[in-house]
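Contents: one structure, followed by commentary.
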Amino acid sequence: MTRIALFTAMACAAAILARFGSSVVPFSLVPFVVFLAGATLGPRSGAYSMLMYMCLGLAGLPVFASPPYGGFSYVVTPSFGFIPGFMLAAYVIGKVLEKAASGVREEALESALEKAPDSALQKVSGRTLSRTQGRRERVRTLAAHFIANVAGVLTYYSIGIPYLALILNVYLGQSVSFYRVLQIGLVPFIVPDLVKALVAAVISRALASAGISPQR
768 MTRIALFTAM
778 ACAAAILARF
788 GSSVVPFSLV
798 PFVVFLAGAT
808 LGPRSGAYSM
818 LMYMCLGLAG
828 LPVFASPPYG
838 GFSYVVTPSF
848 GFIPGFMLAA
858 YVIGKVLEKA
868 ASGVREEALE
878 SALEKAPDSA
888 LQKVSGRTLS
898 RTQGRRERVR
908 TLAAHFIANV
918 AGVLTYYSIG
928 IPYLALILNV
938 YLGQSVSFYR
948 VLQIGLVPFI
958 VPDLVKALVA
968 AVISRALASA
978 GISPQR
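See the structure below:
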């Protein structure tokens with residue numbers, strides 16, 4: 768519970784400290800926290816940390832990235848859809864990494880059963896192979912974290928973009944094409960979000976190596 772509260776606080780701080788950009792869809796550091804929450808807490812706890820963040824904002828605390836910054840009225844702001852999207856994204860990230868970790872464990876067990884060195888030469892070869900496999904494993908783990916984060920990016924955009932279109936066209940009564948919606952809510956942010964995904968993957972992989980992960 769302490770770690771969940773920590774990531775909720777980190778999401779609040781990320782939204783408050785980086786308030787700039789368009790008021791329709793502002794720049795946000797919250798996705799960076801989402802990536803780390805999903806990888807470090809696991810699917811359920813990661814999603815719960817983002818649910819708590821959303822509830823704090825809807826309860827009136829000024830922890831969202833654009834005006835009015837909090838309160839239930841934030842539900843009808845164009846960018847609100849990204850917030851429940853963050854919750855689902857954290858879950859997806861955690862699930863992808865769970866699957867990846869279980870596959871790695873199965874491969875490691877099969878490899879250990881296949882190799883039983885019974886001579887000095889085989890032992891030396893085994894150590895060399897082990898180092899090579901260790902490097903490959905680090906690369907594979909980093910790739911798994913990045914792919915999981917990309918899955919998270921796709922998840923929150925798949926919710927945030929349609930919600931943005933709905934609010935602009937239905938609630939605000941504007942006539943905004945879907946292409947224009949993508950220009951507003953996707954094009955300016957997708958590359959920065961992928962950069963955040965990569966940086967977060969490096970950090971979360973390092974944390975996992977240090978034993979800070981839902982699997983440990």
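Numbered according to our numbering, the sequence shown spans residues 768 to 983.
Ideal Cβ placement from N, Cα and C applies to all residues, glycine included.
Helix, strand or coil for L794 per DSSP? A quick correction: the sequence has Phe, not Leu, at residue 794. Note: F794 maps to strand in three-state DSSP.
With DSSP collapsed to three states, give me the class of T908. helix
With 16 other Cβ atoms within 10 Å as the buried cut-off, status of G978: exposed
Pull up the DSSP beta-bridge partners for G788, would you. P793
So, with DSSP's three-state summary, where would you put F956? coil
Using beta-carbon positions only, say whether L855 and A911 come within less than 9 Å of one another. no
Reference L773, options M817, G861 and K862, closest by Cα: M817
Are G927 and A857 close, meaning C-beta to C-beta below 9 Å? no
Among the residues of its own chain, which have a CB less than 7 Å from the CB of Q941, if the five just before and after it don't count? L935
Specify whether the stretch 858-865 and the stretch 818-837 touch according to this definition: at least 3 beta carbon pairs, one from each stretch, less than 8 Å apart. no
Who are the Cβ neighbours of P793 in its own chain at under 6 Å, not counting the five residues just before and after it? A832 and S833
Proximity winner among L939, A932, Y938 and F956, relative to Y946 (alpha-carbon distances): A932
P992 - containing alpha helix (DSSP H), residue span: Because the chain in this structure spans residues 768 to 983, residue 992 falls outside the shown range and cannot be described.
Look at the alpha carbon of A785 and the alpha carbon of Q900, and state the distance between them as a whole number of angstroms. 41 Å
Report yes if the CB atom of M930 is closer than 9 Å to the CB atom of L953, and no otherwise. Checking the sequence shown, residue 930 turns out to be Tyr, not Met. The answer is no: Cβ separation not under 9 Å.
For the putative contact between I850 and M819, defined by C-beta atoms under 8 Å, what is the C-beta separation to the nearest angstrom? At roughly 12 Å, the Cβ-Cβ gap does not stay under 8 Å, so I850 and M819 are not in contact.
Quick check on DSSP: helix, strand or coil for P851? helix
Count the other CB atoms, across all protein chains shown, that sit within 10 Å of the CB of L888; report buried if there are 16 or more and exposed otherwise. Per-residue confidence for L888 stands at a pLDDT of 48, beneath the threshold of 50, marking its modelled position as unreliable; no derived number is given.
Neighbour-count burial assignment, T775, 16 or more Cβ in a 10 Å radius: buried
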